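Let me begin by presenting the structure, written as C-alpha cells, before commenting on it.
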Amino acid sequence: MKMIVFADVHGDFDTLSSVLEKISKNDVEEADLVVCPGDFTDMFSTPEEFSQMDIADMVLQRLMSLGKPLLCIPGNHDPYEILNEFDEFGVNLHNKTKTINNIKFVGWGGAATPFDTIFEPPEPETKEALETLGEGIDSKFVLIIHNPPKDTKVDMVSSGEHVGSQAIRDFVAEKQPILAVSAHIHEATGTDKLGKTTLFNPGPVFNRQYGVVEIKGNNVNCRIKKV
2 MKMIVFADVH GDFDTLSSVL EKISKNDVEE ADLVVCPGDF TDMFSTPEEF SQMDIADMVL
62 QRLMSLGKPL LCIPGNHDPY EILNEFDEFG VNLHNKTKTI NNIKFVGWGG AATPFDTIFE
122 PPEPETKEAL ETLGEGIDSK FVLIIHNPPK DTKVDMVSSG EHVGSQAIRD FVAEKQPILA
182 VSAHIHEATG TDKLGKTTLF NPGPVFNRQY GVVEIKGNNV NCRIKKV
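The following block contains the structure:
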C-alpha cells in the first residue's frame, strides 16, 4: 500500500496546484490512495468573491484529478457542509471506516481549539465516536485524524506546549493502529511512535510539501517531500 498525503491546504489552491504539477510522477503512478486529513479551507482568509464551500469544491476537484481513490476528513476550519460534498463524491471518511487493499481505514476530523473555529468536536464526542468506530476491529488498521494524539512530537506547538487530543491518544494507545496520520499542528511535522503505532504529520501543503507512506506487512515508511 502506497499513500500520498496532502494536509492543511487552508484554501491555498494555487500552491496546491503547483505542488500537484511538480509532484513526483512515480509517487502518483505507484499510489494506491490519496489522503487529505483536513483543513481544505481557511475561515479567516477566504476571498470575498468565494465561499468556503467554493474553495472546498475547488480543492477537492483538484485532488480528485490525480485519478486515485481519495479519502477525506474535515479540519477545524472546514464548514460542516463539506461532509455533504465528501459524501457526494464518495470520499468521506469522517466517522466512518473503509477498507482499501485489505487495509481498514478509520477517520475522525476536526479539532478543539482556543480560536472558536468551525469544526470542533468536544473530547467526549471524539472519545465516544472512536470507541464506536473501534468496535470489532481486530486486524491492522490506519487511523486518519485531523487532531494529533496528545503529548507526542506531532502535537507540539512552537512554544513547546502539547495541544493534541487526549481522547485520540487513549484510542491509539488501546487499539494500536499500524499508522495514525494527522495534520493541524503546522510546525509539528515528522514522525513519532506511540506504542507500536507510527504517528505521521506530513506538514501543510501551503509550505509546498506532502507526505508519502508505504505499508508493507507491518512495516511503515513515512517520508515528507518538498517541491
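For the working numbering, add 1 to where a residue sits in the sequence shown, where the first one is 1. Even glycine gets a Cβ: it sits at the ideal position worked out from N, Cα and C. On a predicted model such as this, the values are computed, not experimentally measured, just so you know.
In the three-state reduction of the DSSP assignment, Lys-69 falls in the coil class. Secondary structure in the segment 94-133: the beta strand (DSSP E) runs of 3 residues or longer, each lying completely within the stretch, are 97-101 and 104-109 in chain order. By the neighbour-count criterion, in which a residue is buried when 16 or more other Cβ atoms sit within 10 angstroms of its Cβ, Asn-202 is buried. Contact between Gly-39 and Gly-76 holds: their C-beta atoms lie close to 3 Å from each other, under 8 Å. In this structure, Glu-124 keeps its C-beta atom at 8 Å or more from the C-beta atom of Ser-183. Take Asp-13, set aside five residues on each side of it, and the residues of its chain with a beta-carbon closer than 6 Å to its own are Phe-207, in chain order. Rounded to the nearest angstrom, the gap between the Cα atoms of Ile-169 and Phe-90 is 27 Å. When the five nearest sequence neighbours on each side are left out, the beta carbons in the same chain lying within less than 8 Å of the beta carbon of Ile-119 are those of Met-44, Asn-77, His-78, Asp-79, Pro-80 and Tyr-81, in order along the chain. Straight through space, the alpha carbons of Met-157 and Val-164 are spaced by roughly 6 Å.
The continuous stretches of alpha helix (DSSP H) do not include Ala-181, which lies in the beta strand (DSSP E) extending over residues 180-182.
Fewer than three Cβ pairs drawn from the segment 95-113 and the segment 52-60 lie within less than 8 Å of each other, which leaves the two stretches out of contact. DSSP places Gly-191 in the strand class (E or B) of the three-state scheme.
Note on Lys-176: 16 or more other CB atoms within 10 angstroms of its CB, so buried under the neighbour-count rule.
About 26 Å separates the beta carbon of Lys-69 from that of Ala-112, a gap too long to meet the 8 Å contact definition. Residues of the same chain with a CB within less than 8 Å of the CB of Met-65, apart from the 5 flanking positions on each side, are Leu-71, Phe-90 and Val-92 in chain order. Going by C-alpha positions, Glu-30 is about 26 Å away from His-95. Looking at the DSSP output, Ala-8 bridges to Pro-205. Boundaries of the alpha helix (DSSP H) harbouring Lys-176: 167-176, taken from the DSSP string.
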